[in-house]
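J.:
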Amino acid sequence: MIKSFIPVAEPSLGSRERSLVAKALKSGWVSSRGEYIDRFEENFARFCGVKHASTTANGTVALHLALLALGIRPGDEVIVPSLTFVATANAVLYTGATPVFADVTPDFWGIDPASVKAQISQKTKAIIVVHLYGHPANMEEIREIADQHGIYVIEDAAEAHGAEYQGRRVGGLADVGIFSFFGNKIITTGEGGMVVTNNDDIADRVNFLKNHGMDTTKRYWHSELGYNYRMTNIQAAMGVAQLERIESFIAKKRSIYRWYNQFLSRAADKLYFQKEMPWAKSVWWMTSVVIHGPSANVERRRDELMHQLRGRHIETRPLFFPSNVFPYLADYGRSFEAPVSNNLSSAGMNLPSGVTLTKSDVRYVADSILEHL
Ligand SMILES: *Cc1c(COP(=O)(O)O)cnc(C)c1O
Numbered sequence: 001m002i003k004s005f006i007p008v009a010e011p012s013l014g015s016r017e018r019s020l021v022a023k024a025l026k027s028g029w030v031s032s033r034g035e036y037i038d039r040f041e042e043n044f045a046r047f048c049g050v051k052h053a054s055t056t057a058n059g060t061v062a063l064h065l066a067l068l069a070l071g072i073r074p075g076d077e078v079i080v081p082s083l084t085f086v087a088t089a090n091a092v093l094y095t096g097a098t099p100v101f102a103d104v105t106p107d108f109w110g111i112d113p114a115s116v117k118a119q120i121s122q123k124t125k126a127i128i129v130v131h132l133y134g135h136p137a138n139m140e141e142i143r144e145i146a147d148q149h150g151i152y153v154i155e156d157a158a159e160a161h162g163a164e165y166q167g168r169r170v171g172g173l174a175d176v177g178i179f180s181f182f183g184n185k186i187i188t189t190g191e192g193g194m195v196v197t198n199n200d201d202i203a204d205r206v207n208f209l210k211n212h213g214m215d216t217t218k219r220y221w222h223s224e225l226g227y228n229y230r231m232t233n234i235q236a237a238m239g240v241a242q243l244e245r246i247e248s249f250i251a252k253k254r255s256i257y258r259w260y261n262q263f264l265s266r267a268a269d270k271l272y273f274q275k276e277m278p279w280a281k282s283v284w285w286m287t288s289v290v291i292h293g294p295s296a297n298v299e300r301r302r303d304e305l306m307h308q309l310r311g312r313h314i315e316t317r318p319l320f321f322p323s324n325v326f327p328y329l330a331d332y333g334r335s336f337e338a339p340v341s342n343n344l345s346s347a348g349m350n351l352p353s354g355v356t357l358t359k360s361d362v363r364y365v366a367d368s369i370l371e372h373l
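Sequential numbering of the sequence shown, starting at 1, is according to our numbering.
1) How would you call Glu224, buried or exposed, if buried means at least 16 neighbouring beta carbons within 10 angstroms?
2) Under DSSP, the alpha helix (DSSP H) around Pro81 begins and ends at which residues?
3) Note down, in chain order, each residue of its chain lying with its Cβ closer than 7 Å to the Cβ of Thr232, except the 5 sequence neighbours on either side.
4) Going by DSSP, which residues form a beta bridge with Lys281?
5) Is DSSP giving Lys252 helix, strand or coil here?
6) Would the beta-carbon of Val129 fall within 9 Å of that of Glu155?
7) Whose C-beta lies closer than 6 Å to the C-beta of Ile250 among residues of the same chain, with five residues either side of it excluded?
8) Quickly, what does DSSP pair His222 with across the bridge? List them, please.
9) Quick check: the stretch 138-150 against the stretch 43-51, are there 3 or more CB pairs under 8 Å?
10) Please report the distance separating the alpha-carbon of Lys26 from that of Ser19.
11) Are Gln166 and Trp285 closer than 9 Å when you measure CB to CB?
12) So Asn43 is in the alpha helix (DSSP H); what residue range does that whole segment cover?
13) So, using beta-carbon positions, are Ser248 and Ala9 closer together than 9 Å?
14) In the DSSP assignment, find the beta strand (DSSP E) that holds Val325 and state where it starts and stops.
15) Following a CB-centred definition, is Lys185 positioned closer than 8 Å to any heavy atom of ligand 1?
16) State the CB to CB distance for the pair Leu351 and Ser288, rounded to an integer number of angstroms; the pair is presumed to be in contact (CB under 8 Å).
17) Ala241 lies in the alpha helix (DSSP H); which residues open and close that run?
18) Which residue wins for smallest C-alpha separation from Arg312, given the options Lys359, Met277, Ser295 and Ile369?
19) Can you tell me where the alpha helix (DSSP H) with Asn343 in it begins and where it stops?
20) Name the DSSP beta bridge partners of Pro99, please?
21) Does the beta-carbon distance from Leu329 to Val61 come in below 9 Å?
22) Any idea what DSSP makes of Gly351, helix, strand or coil?
23) Can the beta-carbon of Asn343 be found closer than 9 Å to that of Pro106?
24) May I ask you to report which of helix, strand or coil DSSP gives His149?
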């Protein structure tokens, strides 16, 4: 049966989530302490293969904490990809540092090492890589550049829980990593986030700063500016239940990507997919396609296709705008061209990719695309 409306994303919440959330409520531990906080952090650290995981109120503040824990401050520059969700660059601004943009690669849409190299300056303190739409960034090349210049690497893995780079799960591949548990991400806690790291000092700083900067031995003593960036035990209960099911979500996301590839193979001259590299296992948070063609009218054709699909009760989304086009971000960094980001942004779209989709839903979406093309 075809659903009456096919959304881009939809969480799968079941009896296990309801049961653990009910237990959290019954326990009376509804704020940021409780057994589910501890369990979620332990289980998530194990899932990522890292030493420390620290829950946060959302993925954006997780990024802010990661930057603060590395000592990023006004006057510093942090290189970020132009094609990402805006939170990546915003978190840099929260610290008072300057976001400097780099373009992405045309195949897997990760931050482009050549572009990163061109943007390094004396002030560069860190590079944030984004595992965009679930596909890991090229960690080795970025790590090499970072090591040459003695700067940090942060993984924005908000869209990529469980994705693998050379057989290793993302999150623990750099100095510090962050995840989001927003309603449309691979797993959700409603709102929520996590900072992961193998570094004891970074973990301590994150836990200190997210809890009002309160001294761990002297209650209500605050030696520096802190934040309330904590997750609640109720959300963590949901997270524990979701994490138990993550392998099935990832398998389903990968099937959806495979089905679209199969059903749309006839249209290979008209559109192409974000590509999975030989060294990568993408979790395909969103399956995305890009319309081929001259840049003059490709955006109009993409929008027409999206409009046609909407008429068939199929929701799609344009790919992100490059962050450097937003008025308050346009002035930051050095003069910058991002031809790849610009093209992807105007010609690309996310297809329905929720884990509740069936194979026939995907076939219906693909057939609707083929019909329009
Ligand atoms: C979702 C997302 C974030 C922010 O996460 P929130 O939990 O919504 O604050 C950051 N970076 C990227 C790439 C994202 O997709």
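Ideal Cβ positions, reconstructed from N, Cα and C, are used throughout, including at glycine. Quick caveat: nothing in here was measured; it's all calculated off a predicted structure.
T.: A quick look at the data gives this:
1) exposed
2) Looking at the DSSP string, Pro81 is not in any alpha helix (DSSP H); the run it does join, the beta strand (DSSP E), is Glu77 to Pro81.
3) Excluding residues up to 5 positions away in sequence, Val30, Ser31 and Ser32 lie with their Cβ nearer than 7 Å to the Cβ of Thr232 in the same chain.
4) Glu164
5) If DSSP states are grouped into helix, strand and coil, Lys252 belongs with the helices.
6) yes
7) Gly162 and Val283
8) Met214
9) Segments in contact, no.
10) 11 Å
11) no
12) Glu35 to Cys48
13) no
14) Careful: Val325 lies outside any beta strand (DSSP E) and carries neither H nor E.
15) yes
16) 7 Å
17) Asn233 to Glu244
18) Ile369
19) Pro339 to Ala347
20) Val78
21) Taking 9 Å as the cut-off, the beta carbon of Leu329 is found no closer than this to the beta carbon of Val61.
22) The question names Gly, but residue 351 is Leu in the sequence shown. Coil.
23) The answer is yes: Cβ separation under 9 Å.
24) Three-state result, His149: helix.
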